[in-house]
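For the record, the sequence lines run as chains E and A.
Counting with the working numbering, you get residues 1 to 206 for the letters of the first sequence.
Counting with the working numbering, you get residues 1001 to 1762 for the letters of the second sequence.
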Amino acid sequence: MITMLIVDDHPIVLEGTKNLFQENEDIIIDTESDATCVIQRIKNKPYDIYLIDINMPLENGINLARNIKAIQSNASVILYTGDDITDYYPLILERKIEGILAKTASKEQILRTVRAIANGEIVLPKNFLDFLDDKFKLQGAKDIHLNEKEKKILRLIAEGHTNKAIAIELNIPQRTTERYLTQLFSLLNVDSRTEAVNLAERMNLL
Amino acid sequence: MRSKLFWPAIILYLIIGFYLNYVNYSEPYIQIGVEEENDKWVISQLYYKDWAEGQNISVGDAILTVDHEPINELNQLRYKSKILSANEITILKPDGDLINIHIKHLDIPQQFIYVLIIPACYYLLTLFIAFYLHFKQRNTKLADLLILFMLTVSLAYVSSGVSGRMDTIGIIVNRSSMLLCLVILLHFLRNYYSFVKTNWVFTNNIKLFYILPFIAFVLGCMGTIYPASNDILSNVILAIFFILLVIILSILLISYFKYSSPQLKILLNSILIPFLPFLFLYALPKIFFHTYILSSEISSLFLLLIPFSFIFTQLAERLFDIEYHITRLRYYVIFSLIFTVWFTVGLYFIAGRYLTMTVMSGVSFFTFSSLVILFYVKEKVDYRKRKILFSTKGDYIHQLYTAVDKIGKTIKIDELLEKFAYEVSMHLELEDVFVLTYNYDKNEFIPIAGESITIDPDIMEDIRLGEIRKIDKVYIAFLHQDAHFKRALVLGHNNTIHLKDEELLWLELLLLYVNNFIENTKMVEELLEELKHMKQADDGQLPWLNKLLWLRFEEEKYQLAQELHDTNLQEQLHIAREVDVLVNAKNTTDIQEKLAKIHKQMVASLHELRTYCENLKPPLLDTLGLNAALEKLIRKVQERANFVLIYTIDRLYLEDERMNLMIYRLFQELLNNALKHSYAASVEIHLKEMNDGFEIIYKDDGVGCNVEDIIVAESMGIQGMQERVKAFNGQFTIDSNINEGMFIRIMVKEGSETLDYDAHSG
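Okay, here's the thing in C-alpha cells:
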C-alpha cells in the first residue's frame, strides 16, 4: 500500500494526474491545490510519497519539499514539472528530492517511478549521467572557494549569531539575510547552520 | 469692599475733617509761653515774635484773660504752660497798661498759611482725589486702600494743628491717624506687591497691625483724662510711628535691592524722600533731644507728596513712563547745568566788572531754563522732521532689533501677526493689542475671539500706510493691505495710556518692517503651496508616464498574442483536427500508430510553448537562483554558438532581488547579440562581484561596429540595456570599432546607504 499526495495549483493537471493512478488500487491518492496548506495537512496525516509541481504561485515546489522533509524525514518527494527536468538534477544529488518527472512523461514512466521510489529505488533518465559527468568535471576544476562576503557570513554563523544579529551586523533586512544563507547553504550543499560551520572547518574554508 | 468701606470712610472723613478745620479756623494759633509768677501768668516766650512786636506784646507782660475768661480757667494750661490759641487776650503790661488784643488769622500769616490754609486745601484736595480715584479706579482693592491711606494722611495732617492746640478730639484723631496711615500703607504695599507680582518679604498678617492705631486711640483718650501723661504718650506714639516707618522703609529697601524693578524704585523714592525731613528734622530730634529743627507743620508739608505719588499706581500701570520722564529731565538738566556754569564763568571773566551779582545770577538762571526748554523743543522738532528721539538707554534701537529678529523667524502670516502683536504688547506694556483684519469686498471685519473693541469701518478705509491714529479708546495703526484685506494693529489705551513719541516711532518703524515681512511671507507661503502641489502631483504618478507604460504593455501583449497565434495556436488547431479525424474514423486498425504520432506532435508543441514561457520568465531564477539560471542560459547558448564561450560567474549577494532579473536580462541580451551579430570566434562574459554591486564584462573578437551607428539605429538592444542600467544607477560603457570586436562594461552599485557591507566586514 502506497499513500501519495499530489500538489499542483492547476485543478486540471491535478485531476488528470490522479486519473493516471485510477486502475492501481494499491496506490491511494489525495490531492491538494494550495501549497501553503500542505504542511498543516500532513501533520495529521503523513503520506509516503509527495508528487509536487515546481511552479506554484504561493510556494514553489522546492521550498515545499524542504519543509516537508523538515517535519517528516522519511518522506519521499517527486517533483513533477513542465520545465526541463535536467535543471533540477542537482536537487537529487543534494538529497532534497527522490525523483523528478516531466509533465510530458507517459503514464507508464510515472507509475514506474512512483513504485520504484516507494521501494526505496531511484529511477532516472539516462542523461542524469551527463549531468554527473559535468558536475565532477567542474568540481575537479575548481574547489569551493568562498568569497569575502561568504566568509564573513560563515564566521558570523560560527560565532552563533542569529539571523537577526547577522542582519544587523551586515546592515541588511532579515529577509535578505535568509536569502543569503539559503544561497550559501546550497553552495556548500548543507541544510543547517551547524553543518555549514562543520563543513567550513573541515575544508579549511575560513 | 468698594461699596462697604468707601462711603462710611468718606462720611467719617467729612465729619472729623469739618470739625478739625473748624477748630483751626475758630481761633488763631498764637503759642505764647507763660509762667506763673505771684498768682499771675506772665509771658515767658513768644513764638510769633513779629506779630507780638506789632501788637506790642513782650516777654514779662501778664495775661489776665483769654477769650473773655480768666486765664486760670483755661483748659489748655492743664497740658503745658502755653497759650496755644485765642481770639482775644487781655494783657497787663508791667507799667500797668491794660491792653485788649483781638487776634485775627491774617495778623499772623505763618500760622494762617501753615495751620489753616494749607491743611484745608490739602483736606479738600484729598477729598477730590478720593472721589476721582473711586469713580475712575481699575483695581478696586488697591484703589480703596489708596483712598483710605490718603484720607488718613489728610486727617493726620489737618489734625496736627488741632492737636497742637491741645484739643481733645484733635489729639485722639492725630495720634490714631498717624499710626493708621502707616498701617494702611503697609497693607497697600503688600497688595501692590502681589499686584505687580513681586515677592512680599514681610509678614502677610497685616490685620494684626491694625491693633496699633487702636492702641493709639486708647492712649489718646487716656491723654485727655490724665493731661500730665500727655508728653509721655506723645513720645510712645512717635516711637511706634518711627518703628512702623522703619519697617516699611526696610521692606522697600530690601525688596528693591533684591528685585530692583522700576516700580519698586519709584515706590521707594516716593516714600523715602518726603519722609526724610519729617524723620530727621522733627521726629528724631524730638525723641532724642526733646526739641526740633523744623516744626511739625513745615516738615509734614513734605509728607503731602506721598499720597499723590502713589496715584500713579492707579492711573498708569506703566511705571517706566515716569522713570523715562525722570531720566530724560535729569539728562537735560545736567547738560544745561554744565553749559550754564561754563557760560557764567565765561561771562564773569569777560564782563564781570560791569555786572552785579543779581544780574549775573539772573542771566545764569535764564540761560539754564532756556537750555532745558530748548532741549524739549529740539526733541519735538527732531521727532516731527527727522524721526530722531532721545532714548533713555538705547533701548529703543535694541528693542526694535530684537522684535524684528523674533518676528522674522516666522513663515506663516497668522503666526507672524500673532508674534507681532505679542511683541508690541510686551514692549509697550499694553494689554489689549491685536491685529484687526478688514475685508473691504464685503465691508466687514473678520471677528477675533475675545476681542470686543469695534472700529468704525470708515476709519479703516481711510487709514494709510505708516499712520497711527488715536481714536476713542484705542490707537489704530495701519499694517498691511492686499487685494481683499486691510490689516490694522489695534492698541487699547483705555484713555489711561498715552504713547510717547519714542514709542510711536518705534511702532511706526516696526509697522513698516512688518508690512514688508507680510509681503515676503506671503510670497514664501505661495511658494510653499506651489511646492506642495508639485509634490502631490509627484505622489500620483505622472499621467503621461502611465499612458506610455500602458501603451507599451498593450503593445507587448499584442505581440505575444500575435506570436502565440502564429505558432502554437496553429499547431494546437492542427492537432485538434487530427484528433477529430481519428475520433470519427471508421477504420480503427492503425489508430494506435496515428495517436502516437499526434502525441509526439503535442509534446513538440509543448516544448515550443515552454521555450516561449522561458523567454518571458527566465527559468530557475526564482527556484534555484541567479547562478543556476545563468549557467543554464550559457549552456543553451553554447549549444547554438559557433564561438568559444569563456565565462565566469561570481556568486553575488545583492540586497535588491530584482537585480538578479536585470543581470539575467543583460546576459541574455549580450549573448543573443553575440549569437546574432558578432560573427566572433571567441566570446568572454564575466559577472564579477564588487564592493556593493556587480560588474559585467563582455568581450568579443567579432566584426564590431560603429558605436554611434548602433545607438542611432536602435538595433541590438544596446540602447535598451543602457537605459535599464541607468535606471539602476549603473554605468554602461561600450567600446567598439568595425572589425575590432566589441567591449562592453556594465557596473551597478547598490545604494551605499542601504548596503554598507564593507564598513562592517573590516
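Note that the Cβ used here is the ideal one computed from N, Cα and C, for glycine as well.
Here the structure is a predicted model, which means the values were calculated and not measured.
| Item | Value |
| --- | --- |
| Pair within 8 Å by beta-carbon distance, residue 1176 of chain A and residue 1217 of chain A | yes |
| Classification of residue 997 of chain A by the beta-carbon crowding that lies within 10 angstroms, buried from 16 upward | Look at the range of chain A in this structure, 1001 to 1762, and you will see that residue 997 of chain A is not part of it. |
| Residue from A:1036, A:1188, A:1211 and A:1576 with nearest C-alpha to residue 1307 of chain A | A:1188 |
| Residue closest to residue 125 of chain E, alpha-carbon to alpha-carbon, out of E:204, E:105, E:119 and E:55 | E:105 |
| Buried or exposed by the 16-neighbour rule on C-beta atoms within 10 Å, applied to residue 1274 of chain A | buried |
| Per-residue burial, residue 1443 of chain A [other beta carbons within 10 Å of its own, 16 or more giving buried] | exposed |
| Any 3 or more C-beta pairs closer than 8 Å across the region 1121 to 1132 of chain A and the region 1273 to 1288 of chain A | no |
| Closer than 8 Å to chain E by CB, residue 1741 of chain A | no |
| Separation of residue 1690 of chain A from residue 160 of chain E, as counted between CA atoms | 27 Å |
| Whether residue 1099 of chain A touches residue 1028 of chain A by CB criterion (8 Å) | no |
| Range covered by the beta strand (DSSP E) that runs through residue 1690 of chain A | 1682 to 1690 |
| For residue 1214 of chain A, the first and last residue of its enclosing beta strand (DSSP E) | From DSSP, residue 1214 of chain A is part of no beta strand (DSSP E) but of the alpha helix (DSSP H) over 1211 to 1225. |
| Among A:1707, A:1166 and A:1701, the one whose alpha carbon lies nearest that of residue 1685 of chain A | A:1701 |
| Strand pairing of residue 1070 of chain A, partner residues [DSSP] | A:1065 |
| Inter-residue spacing [alpha-carbon to alpha-carbon] between residue 1043 of chain A and residue 1093 of chain A | 10 Å |
| Local Cβ density within 10 Å of residue 1041 of chain A, reported as buried at 16 or more and exposed below that | buried |
| Residue span of the beta strand (DSSP E) that contains residue 1602 of chain A, given as start and end | Looking at the DSSP string, residue 1602 of chain A is not in any beta strand (DSSP E); the run it does join, the alpha helix (DSSP H), is 1591 to 1616. |
| Alpha-carbon to alpha-carbon, residue 94 of chain E and residue 74 of chain E | 15 Å |
| Residue from A:1006, A:1410 and A:1748 with nearest C-alpha to residue 1135 of chain A | A:1006 |
| 3-residue-minimum beta strand (DSSP E) runs that sit fully inside the region 1421 to 1482 of chain A, ordered along the chain | 1433 to 1439, 1444 to 1446, 1468 to 1471 and 1474 to 1481 |
| Classification of residue 1560 of chain A by the beta-carbon crowding that lies within 10 angstroms, buried from 16 upward | exposed |
| Segment contact, 8 Å Cβ cut-off, at least three pairs: the region 1474 to 1482 of chain A with the region 1508 to 1515 of chain A | yes |
| Min CB distance residue 20 of chain E to chain A below 8 Å | no |
| Exposed unless 16 or more other CB atoms sit within 10 angstroms - verdict on residue 1544 of chain A | exposed |
| Alpha-carbon to alpha-carbon, residue 1112 of chain A and residue 1319 of chain A | Confidence in residue 1319 of chain A is poor, its pLDDT being 47 and thus under 50, which makes the residue's placement unreliable; the coordinate value appears in the next sentence. Going from the Cα of residue 1319 of chain A to the Cα of residue 1112 of chain A covers about 37 Å. |
| Proximity test, Cβ basis, 8 Å: residue 1632 of chain A and chain E | yes |
| Test item: CB-CB of residue 1190 of chain A and residue 1204 of chain A under 8 Å | yes |
| Nearest neighbour of residue 990 of chain A, chosen from A:1269, A:1232, A:1335 and A:1268 [CA to CA] | Nothing can be reported for residue 990 of chain A, as the shown portion of chain A is limited to 1001 through 1762. |
| Beta-bridge partners of residue 3 of chain E, as assigned by DSSP | E:28 |
| Reduced DSSP secondary structure (H/G/I, E/B, other) of residue 1318 of chain A | The predicted model places residue 1318 of chain A with a pLDDT of 49, which falls under 50 and marks its position as unreliable, so this point remains unresolved. |
| Residues of its chain near residue 39 of chain E, where Cβ-Cβ distance is below 6 Å and the 5 sequence neighbours each way are ignored | 67 |
| Touch test, the region 1244 to 1261 of chain A against the region 1178 to 1186 of chain A, Cβ-Cβ under 8 Å, three pairs minimum | yes |
| 8 Å Cβ cutoff, residue 1693 of chain A in contact with chain E | no |
| CB contact below 8 Å: residue 1756 of chain A versus chain E | In this predicted model, residue 1756 of chain A has a pLDDT of only 39, less than 50, meaning its place in the structure is not dependable enough to derive any value. |
| N-terminal and C-terminal residue of the beta strand (DSSP E) that residue 1649 of chain A is part of | 1644 to 1649 |
| Residue-chain proximity (residue 1393 of chain A, chain E), Cβ-Cβ < 8 Å | Per-residue confidence for residue 1393 of chain A stands at a pLDDT of 47, beneath the threshold of 50, marking its modelled position as unreliable; the derived number appears in the next sentence. So, not an interface residue. |
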